[in-house]
Amino acid sequence: MKYPIIEIDISKIKHNTRRLVKLCSSIGLEVMGVTKVTAALPAVARAMLEAGVAKLADSRLANLKKLRESGLGAPLYLLRLPAASQAEEVVDLATGSLNSEIDTIKALSRAATKLEKNHRVILMVDLGDLREGIWADDVVRTAREIAGLPGIELEGLGTNLTCFGGVCPTPDNLGRLASLAREVETATGLKLTTVSGGNSSSLKLVQEGRIPEGVTQLRLGESIMLGRETIAREPVPGAYLDAFVITAEVIEVKDKPSVPVGEVGQDAFGNVPAFVDRGIRRRAICALGRQDAVLDGLEPLRTGVEVLGGSSDHLLLDVTEADPPVFVGDRLSFVPGYGCLLAAMTSPYVEKVIKY
Ligand SMILES: *Cc1c(COP(=O)(O)O)cnc(C)c1O
Numbered sequence: 260m261k262y263p264i265i266e267i268d269i270s271k272i273k274h275n276t277r278r279l280v281k282l283c284s285s286i287g288l289e290v291m292g293v294t295k296v297t298a299a300l301p302a303v304a305r306a307m308l309e310a311g312v313a314k315l316a317d318s319r320l321a322n323l324k325k326l327r328e329s330g331l332g333a334p335l336y337l338l339r340l341p342a343a344s345q346a347e348e349v350v351d352l353a354t355g356s357l358n359s360e361i362d363t364i365k366a367l368s369r370a371a372t373k374l375e376k377n378h379r380v381i382l383m384v385d386l387g388d389l390r391e392g393i394w395a396d397d398v399v400r401t402a403r404e405i406a407g408l409p410g411i412e413l414e415g416l417g418t419n420l421t422c423f424g425g426v427c428p429t430p431d432n433l434g435r436l437a438s439l440a441r442e443v444e445t446a447t448g449l450k451l452t453t454v455s456g457g458n459s460s461s462l463k464l465v466q467e468g469r470i471p472e473g474v475t476q477l478r479l480g481e482s483i484m485l486g487r488e489t490i491a492r493e494p495v496p497g498a499y500l501d502a503f504v505i506t507a508e509v510i511e512v513k514d515k516p517s518v519p520v521g522e523v524g525q526d527a528f529g530n531v532p533a534f535v536d537r538g539i540r541r542r543a544i545c546a547l548g549r550q551d552a553v554l555d556g557l558e559p560l561r562t563g564v565e566v567l568g569g570s571s572d573h574l575l576l577d578v579t580e581a582d583p584p585v586f587v588g589d590r591l592s593f594v595p596g597y598g599c600l601l602a603a604m605t606s607p608y609v610e611k612v613i614k615y
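The opening position of the sequence shown corresponds to residue 260 in the working numbering, with each subsequent residue numbered one higher.
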């Protein structure tokens, strides 16, 4: 086998999905399974559906196309706001989409009319995280406009938190979303079926029993894949944390000083590195670099291995305390963080190995 590889354990993903679906459904929340971090790998999407998610969602049309072509019959939602120029593809591929621009929703309406289809819209509300969404004051007025558009079904309201501004979901801000949904129902006479209360960062509230009345859905990606909620990255009880494992080959092992020798300037990426003198240490290099994936958040599976950093093509490790000791030709495995997983799954240099 050629390294680096990323192993994807479908049965662990299915197990994690089941745990989260059970947790959420115990308080009446449906789970939208988010596939984007795997670039919509059909085996992962299928596992999520078999484990009970109601709907699938991805941020990209190319990924939704992949899911459609793999024959999955589930409702598919586009997570990233649609580009108005792609309205026809959106209506053609997606059951529904998350939206915040009335002109784009009008373009979706024209496309839906032309294609003789129906398109569901979840109107995104910005509750302070400053990523996508309309401000709360504009919700009722915008909803009224959407309600009159042919081919468009206003399915509900949604919000996204803890993505740009790091704002945490609370009973207060999610409660505001639920009460806005009720205001929209009164103003439009429509029944909204969905109040989408955020991503994996809302799980802590679920566990604490603090999700407010009226929220009906969470959109979960990272917590299914990596088994953690995303406020403090605490493990979801009973979930696997190693459904994805990256493995690379060791190409050098040597004893060297822990501080560079000579005058220190910028490193390969423009940073001036700082080092702590720990004397002579045993170091290893793996053939895994930033061209393959993002190296942040790698958690070594071999005891005593420490990640020092990396460059375009090399991952540098301190293996002085490694147990068993590390030799050239060994394969070392790591659990990736979210950024690393995202990069590895889309990298042409990392072989994807699916385990069932
Ligand atoms: C990525 C994304 C999600 C899923 O987030 P996780 O933290 O992976 O659970 C949910 N909603 C939107 C709009 C997204 O872009």
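We treat Cβ as the ideally placed atom computed from N, Cα and C, and that holds for glycine.
Inset, instruction - Verify whether the separation of the beta carbon atoms of Val443 and Gly473 is less than 9 Å. - result: No, Cβ-Cβ distance for Val443 and Gly473 is not below 9 Å.
Inset, instruction - Give the straight-line distance between the Cα atoms of Ile267 and Val520, rounded to the nearest whole angstrom. - result: Across the structure, Ile267 and Val520 are spaced so that their CA atoms are roughly 41 Å apart.
Legend entry - Opposing strand residues paired with Asn432 [DSSP bridges]: Partner(s): none; Asn432 has no beta bridge.
Inset, instruction - Answer yes or no: the CB of Leu479 versus the heavy atoms of ligand 1, is any distance below 8 Å? - result: When distances are taken from the beta-carbon of Leu479 to the heavy atoms of ligand 1, the shortest one is below 8 Å.
Inset, instruction - Return the bridge partner residues of Tyr336 from the DSSP annotation. - result: According to DSSP, which records beta bridges pairwise, Tyr336 is partnered with Ala316, Gly355.
Legend entry - Distance between Leu436 and Leu374 (C-alpha atoms, nearest Å): Rounded to the nearest angstrom, the two C-alpha atoms are 32 Å apart.
Legend entry - Closest Cα partner of Ile613 within the set Gly287, Leu288, Gln466, Thr297: Nearest Cα to Ile613 within the set Gly287, Leu288, Gln466, Thr297: Thr297.
Inset, instruction - Using the Cα positions of Gly457 and Gly292, report the straight-line distance between them to the nearest angstrom. - result: For Gly457 and Gly292, the distance between alpha carbons rounds to 12 Å.
Inset, instruction - Count the C-beta pairs between the segment 541-551 and the segment 573-587 that are closer than 8 Å, then say yes if the count reaches three, no if not. - result: Here the segment 541-551 lies against the segment 573-587, with 3 or more beta-carbon pairs under 8 Å apart.
Inset, instruction - Would you check whether ligand 1 has a heavy atom nearer than 8 Å to the C-beta of Val384? - result: No, Cβ of Val384 sits at least 8 Å from all heavy atoms of ligand 1.
Inset, instruction - Rounded to whole angstroms, what's the CA-CA distance from Glu412 to Ala406? Just pull it up for me. - result: Those two C-alpha atoms are separated by around 7 Å.
Inset, instruction - For Gln525, name the three-state secondary structure that DSSP assigns. - result: In this structure, Gln525 counts as coil in the three-state DSSP scheme.
Inset, instruction - Answer yes or no: do Thr489 and Phe593 have a C-beta to C-beta separation smaller than 9 Å? - result: No.
Legend entry - Three-state class that DSSP yields for Glu414 in the structure shown: When DSSP states are grouped into helix, strand and coil, Glu414 belongs to the strand group.
Inset, instruction - Given a cut-off of 9 Å, decide if Thr418 and Cys427 are closer than it, judged by their beta-carbon atoms. - result: Going by C-beta atoms, Cys427 is not nearer than 9 Å to Thr418.
Legend entry - Pick from Thr354, Gly529, Val512, Val504 that is closest to His378, judged by C-alpha positions: Residue Thr354 is the option with its Cα nearest to His378.
Inset, instruction - List the DSSP bridge partners of Arg590. - result: In the DSSP secondary-structure assignment, Arg590 is bridged to Glu508.
Inset, instruction - Label Asn432 either buried or exposed according to how many other C-beta atoms from any shown protein chain fall within 10 Å of its C-beta, with 16 as the threshold for buried. - result: Taking a 10 Å sphere around the C-beta of Asn432, we find 16 or more other C-beta atoms and assign the residue as buried.
Inset, instruction - Could you tell me which uninterrupted beta strand (DSSP E) segments, each at least 3 residues in length, are contained entirely in the segment 461-496, listed from first to last along the chain? - result: The beta strand (DSSP E) runs of length 3 or more contained entirely in the segment 461-496 are, from start to end of the chain, 476-479.
Legend entry - His274 versus Pro595: straight-line alpha-carbon distance, rounded: Linking His274 to Pro595 through their CA atoms gives a straight-line distance of about 19 Å.
Inset, instruction - Could you check how far apart the C-beta atoms of Val509 and Phe586 are, in whole angstroms? I think they sit under 8 Å. - result: About 7 Å separates the two Cβ atoms, so the contact holds.
Legend entry - Beta-carbon contacts of Thr452 that lie in its chain and below 8 Å, excluding the five residues immediately before and after: Apart from sequence neighbours up to five positions away, the residues of its chain that approach Thr452 with a beta-carbon distance below 8 Å are Glu414, Gly415, Thr475, ordered along the chain.
Legend entry - Distance, Ala602 Cα to Ser329 Cα: If you draw a straight line from the Cα of Ser329 to the Cα of Ala602, it comes to about 23 Å.
Legend entry - Lys365 - containing beta strand (DSSP E), residue span: Looking at the DSSP string, Lys365 is not in any beta strand (DSSP E); the run it does join, the alpha helix (DSSP H), is 361-374.
Legend entry - Bounding residues of the beta strand (DSSP E) (the contiguous stretch that carries Cys427): Following the DSSP letters along the chain, one finds Cys427 in no beta strand (DSSP E), marked with neither H nor E.
Legend entry - Lys314 beta carbon near ligand 1 (any heavy atom closer than 8 Å): Result no, Cβ not under 8 Å from ligand 1.
Inset, instruction - Per DSSP, which residues does Asp577 bridge with? Please list them. - result: Partner residues in the beta bridge of Asp577, as assigned by DSSP, are Arg542, Glu565.
Legend entry - Span of the alpha helix (DSSP H) around Ile393: No alpha helix (DSSP H) contains Ile393, which DSSP labels as neither H nor E.
Inset, instruction - Answer with buried or exposed for Gly588, where buried requires no fewer than 16 other C-beta atoms within 10 angstroms of its C-beta. - result: Here Gly588 is exposed, its C-beta having fewer than 16 other C-beta atoms within 10 Å.
Inset, instruction - For the beta strand (DSSP E) containing Leu382, list its first residue and its last residue. - result: That run of the beta strand (DSSP E) goes 378-383.
Legend entry - Cβ separation of Met604 and Ile265, assumed to be a contact under 8 Å, to the nearest whole Å: Contact holds; Cβ gap of about 7 Å.
Legend entry - Selection from Asp351, Val531, Leu382 that minimises the alpha carbon distance to Ile364: Of the candidates Asp351, Val531, Leu382, the one whose C-alpha sits nearest the C-alpha of Ile364 is Leu382.
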